[in-house]
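K.L.:
The sequence shown begins at 9 in the numbering used here and counts up by one. Note that the Cβ used here is the ideal one computed from N, Cα and C, for glycine as well. Model, not experiment: these values are computed from the prediction. Mind looking over this structure? Questions follow.
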Amino acid sequence: LRLKHDEIVQYSLEKGILGPGVPVHMAIMVVETGHHVFWIPRTVHYPRPNGPQLLRQQCHWQVVPHFGAVTIHKSSSYTVNSRDREIQRLGALFAGGRPAAALAKDCCYRDVNELGHDVATLQQEKLALQQTLTEGQQTQERTVRKLNRLSEKNQQLEKELREFESAAIKLESEANRKMLEHDRKNSDLQVKLQQSQVRVRELESLLELCGPGAGKVPPFSDSSISSSTCPSDAMLQTALQQATDEKRLLYKQLNELKDREQSLLADFDKVKSKYTRLKQKHAALEQTQHQQPVSNSAESQVELQSLQYRCSELEEKLRHTKQERDRYSSDAERQRTIVSQLKRDSVEKDHELAELKNELHSQRKSNRPSTASQGGGGRLRTADSHGSGQSSLSVQAAIHRIERERDAAKSEVRQLEQERDALREKLKLSTRSQQDAVAKHENVIAEYSGRVAKLEAEKRDLQGGQSAAQMKVKLLKEESRELQARVKELEESYSKLKLSYSQMKILHEQTERALAQHQHRLLSTETQLGTAESKLQRVDSTVEDAQNEVGRLKGEISLLRASNASLVREKDKLLMDLDKKTENLYAAEAEISELKAKRKELKSTIDRMQQKLE
Numbered sequence: 009l010r011l012k013h014d015e016i017v018q019y020s021l022e023k024g025i026l027g028p029g030v031p032v033h034m035a036i037m038v039v040e041t042g043h044h045v046f047w048i049p050r051t052v053h054y055p056r057p058n059g060p061q062l063l064r065q066q067c068h069w070q071v072v073p074h075f076g077a078v079t080i081h082k083s084s085s086y087t088v089n090s091r092d093r094e095i096q097r098l099g100a101l102f103a104g105g106r107p108a109a110a111l112a113k114d115c116c117y118r119d120v121n122e123l124g125h126d127v128a129t130l131q132q133e134k135l136a137l138q139q140t141l142t143e144g145q146q147t148q149e150r151t152v153r154k155l156n157r158l159s160e161k162n163q164q165l166e167k168e169l170r171e172f173e174s175a176a177i178k179l180e181s182e183a184n185r186k187m188l189e190h191d192r193k194n195s196d197l198q199v200k201l202q203q204s205q206v207r208v209r210e211l212e213s214l215l216e217l218c219g220p221g222a223g224k225v226p227p228f229s230d231s232s233i234s235s236s237t238c239p240s241d242a243m244l245q246t247a248l249q250q251a252t253d254e255k256r257l258l259y260k261q262l263n264e265l266k267d268r269e270q271s272l273l274a275d276f277d278k279v280k281s282k283y284t285r286l287k288q289k290h291a292a293l294e295q296t297q298h299q300q301p302v303s304n305s306a307e308s309q310v311e312l313q314s315l316q317y318r319c320s321e322l323e324e325k326l327r328h329t330k331q332e333r334d335r336y337s338s339d340a341e342r343q344r345t346i347v348s349q350l351k352r353d354s355v356e357k358d359h360e361l362a363e364l365k366n367e368l369h370s371q372r373k374s375n376r377p378s379t380a381s382q383g384g385g386g387r388l389r390t391a392d393s394h395g396s397g398q399s400s401l402s403v404q405a406a407i408h409r410i411e412r413e414r415d416a417a418k419s420e421v422r423q424l425e426q427e428r429d430a431l432r433e434k435l436k437l438s439t440r441s442q443q444d445a446v447a448k449h450e451n452v453i454a455e456y457s458g459r460v461a462k463l464e465a466e467k468r469d470l471q472g473g474q475s476a477a478q479m480k481v482k483l484l485k486e487e488s489r490e491l492q493a494r495v496k497e498l499e500e501s502y503s504k505l506k507l508s509y510s511q512m513k514i515l516h517e518q519t520e521r522a523l524a525q526h527q528h529r530l531l532s533t534e535t536q537l538g539t540a541e542s543k544l545q546r547v548d549s550t551v552e553d554a555q556n557e558v559g560r561l562k563g564e565i566s567l568l569r570a571s572n573a574s575l576v577r578e579k580d581k582l583l584m585d586l587d588k589k590t591e592n593l594y595a596a597e598a599e600i601s602e603l604k605a606k607r608k609e610l611k612s613t614i615d616r617m618q619q620k621l622e
């Protein structure tokens, strides 16, 4: 049964549990478990009424209301004791691994709303910091994408440069091979010229042996070829005309080669000037890079790392404050419920004490006339006092029982007063601990406000560092654009060099063809010289004409020698120019390798700045 005190008494009277003629009466035992109160009946057997005991039972039922009140007081005392035990048990559970004093200090009963406001402000600041971080991350991702694009473009340019370098190396090898072939052909031509000179000398010696007796013939010319009568003279004239034509063609080809060489030299000078300009620009870039201190990059990295670490610390602090707030709020609610229950218990006990005092006072007033004949003042007899012989045994037994119940009620009242005093002391201690906890929490809030101010200052510093990093990224982007423009200029110069090299290659092929034609013509001239020698041996009349022709041939030989010497000189000049060009190409390759190394350094700096931004 889950009923109140008065309802239980009324229920027992209605059901006949407490009534006349019943040997069993109801004793109420209270069992408290948490929030529920169960009333359990306990039977106590008495002997059946027999004869004079009927009067005793009647007196007993006259005292039933008093008995119900006493049982109610007993139940209240049981509730108080059970609540004390429950409080002790809960205190032990709360203590756990921590002492009760520490719990009381950590517990917060008041100013929880202020802590909630502080936590809300901290959350707003956290959201703002998160937004700034997301913006920084987005900008960083954009820069990373741009840098990736630039790196891809640089890789493509590197591939193209490698292809250009391989093509240049191939062209250089082909040019060297062709130069060697030209040298070999020139040496062959020199040998053939020497052989022709030897044959001319032999002819001169033969003419001298023939003597001056022969008739004189006018010198041959281009106009007199058609008027010659002798077939031998005609053959000689045709051979000389072919030799002169070949000589003119050779001079024309040499002039064309000189013009092409001059154009190539002009192109080379232009390329060299462009290369010097690029080199100067690269040196200026290097100076600007050296002027920028390395400490700035290291400091920016350290600042970024410190900012990230501070953000993580702020997040951890916010989580910790949230957990503490939840814990404090739960502890505060528990303590509030406990305090409210204790206050209710104390009020109920005060009411019960007042009722008990009123009932005792009424009982004393009602018992005074029955006990006035015993010679005492106003106090009832104890259990050890003996009644007079006039009173009956039943009345004495009832009086003794009432006195026992009165003594028990007094002892219970004393216990209740002691419990009330103990509860008041507990309330005082709890209020003191609450005040101490509130003071500590106010100090903690002040510390958190200081930390929040520090975090705001750090956030401003972070924003300043981010602006500086963005400026550095912009500068690096401008430098990368300048480098791309320079790479484009280098590519254009390289394409021009490639075109000039192709032109040189075509000219070289043309010279090879001309040399082959001249070789064929020299062979034909050699055959013609052999026929001329046979004709000179046969014909003595044409010695003077042959001498004139020999003089003419000597002049032509001298001219050929001079032309050969000029060709050798031009060949030496061309070789020197080729050596210079090869040296310039090697220097250009070295500078290109230096530019690549510098580009790699710029890439490394860009990667570092990316890491700093991260």
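Report the option in 125, 610, 420 whose CA atom is closest to the CA atom of residue 88.
P.N.:
Among 125, 610, 420, the Cα nearest to that of residue 88 is on 420.
K.L.:
Roughly how many whole angstroms lie between the Cα atoms of residue 414 and residue 443?
P.N.:
If I take the Cα positions, the gap works out to 43 Å.
K.L.:
For residue 453 and residue 130, I'd like the C-alpha separation in whole angstroms.
P.N.:
Taking the straight line from one Cα to the other gives about 12 Å.
K.L.:
By the three-class DSSP mapping on this structure, what secondary structure does residue 622 have?
P.N.:
Looking at residue 622 - three-state DSSP - the assignment turns out to be coil, as it is neither helix nor strand.
K.L.:
Would a C-beta distance cut-off of 9 Å place residue 155 and residue 615 closer than the cut-off?
P.N.:
Contact: yes.
K.L.:
Suppose contacts are defined by Cβ-Cβ distances below 9 Å. Is residue 611 in contact with residue 162 by that definition?
P.N.:
The answer is yes: Cβ separation under 9 Å.
K.L.:
Could you tell me the distance, in whole angstroms, from the CA atom of residue 1 to the CA atom of residue 604?
P.N.:
Within the shown structure, residues of the chain are numbered from 9 to 622, placing residue 1 beyond reach of any answer.
K.L.:
Mind checking residue 512: buried by the 16 CB within 10 Å criterion, or exposed?
P.N.:
So residue 512 counts as buried.
K.L.:
Residue 557: buried (16+ other C-beta within 10 angstroms of its C-beta) or exposed?
P.N.:
So residue 557 ends up on the buried side.
K.L.:
Assign residue 144 to buried or exposed, taking buried as 16 or more other Cβ atoms, counted over all protein chains shown, within 10 Å of its Cβ.
P.N.:
Looking at its Cβ environment, which holds 16 or more other Cβ atoms inside 10 Å, residue 144 is buried.
K.L.:
Note down the Cα distance separating residue 450 from residue 440, rounded to an integer number of angstroms.
P.N.:
Near 15 Å, if we compare the C-alpha coordinates of residue 440 and residue 450.
K.L.:
So, using beta-carbon positions, are residue 147 and residue 478 closer together than 9 Å?
P.N.:
Yes, they are a contact pair.
K.L.:
For chain D, find out if any of its Cβ atoms is closer than 9 Å to the Cβ of residue 482; answer yes or no.
P.N.:
Here chain D cannot be found, since the structure has a single protein chain.
K.L.:
If residue 151 sits next to residue 483, beta carbons under 8 Å apart, how far is it from one beta carbon to the other, in whole angstroms?
P.N.:
12 Å between Cβ atoms; not a contact.
K.L.:
Residue 321 by DSSP, collapsed to three states: which one?
P.N.:
Residue state, collapsed to three classes: helix.
K.L.:
Helix, strand or coil, according to DSSP, for residue 605 in the structure here?
P.N.:
In the structure shown, residue 605 sits in a helix (DSSP, three-state: H, G or I).
K.L.:
Out of 481, 536, 562, state which residue places its alpha-carbon closest to the alpha-carbon of residue 618.
P.N.:
Closest by alpha carbon: 481.
K.L.:
Does residue 581 pass the burial test, meaning 16 or more other C-beta atoms within 10 Å, or should it be called exposed?
P.N.:
Classification for residue 581: exposed.
K.L.:
Is it true that the CB of residue 92 sits closer than 9 Å to the CB of residue 356?
P.N.:
No. Outside cutoff.
K.L.:
Can you tell me whether residue 177 is buried or exposed, with buried defined as 16 or more other CB within 10 angstroms of its CB?
P.N.:
Under this definition residue 177 is an exposed residue.
K.L.:
Which value, in whole angstroms, describes the spacing of the CA atoms of residue 54 and residue 369?
P.N.:
The predicted model places residue 54 with a pLDDT of 42, which falls under 50 and marks its position as unreliable, so this point remains unresolved.
K.L.:
Just to confirm, are residue 492 and residue 158 a CB contact at a threshold of 9 Å?
P.N.:
Yes, they are a contact pair.
K.L.:
Taking the Cβ atom as the reference point for each residue, do residue 349 and residue 85 lie within a distance shorter than 9 Å?
P.N.:
No, Cβ-Cβ distance for residue 349 and residue 85 is not below 9 Å.
K.L.:
List the whole-angstrom C-beta distance separating residue 165 from residue 495, where the pair is believed to meet the contact cut-off of C-beta under 8 Å.
P.N.:
Residue 165 to residue 495, Cβ: 5 Å. Contact.
K.L.:
Looking at residue 160: is its Cβ nearer than 9 Å to the Cβ of residue 600?
P.N.:
Against a cut-off of 9 Å, the Cβ pair of residue 600 and residue 160 comes out as no contact.
K.L.:
Which term fits residue 474, buried or exposed, when burial requires 16 or more other beta carbons within 10 angstroms of its beta carbon?
P.N.:
When all chains shown are included, residue 474 counts as buried.
K.L.:
Check whether the Cβ atoms of residue 520 and residue 182 lie closer than 9 Å to each other.
P.N.:
No; because the gap between Cβ atoms is not below 9 Å, this pair is not in contact.
K.L.:
Cutting at 6 Å between CB atoms, please list the residues of its own chain near residue 607, excluding the five before and the five after it.
P.N.:
No residues qualify anywhere along the chain.
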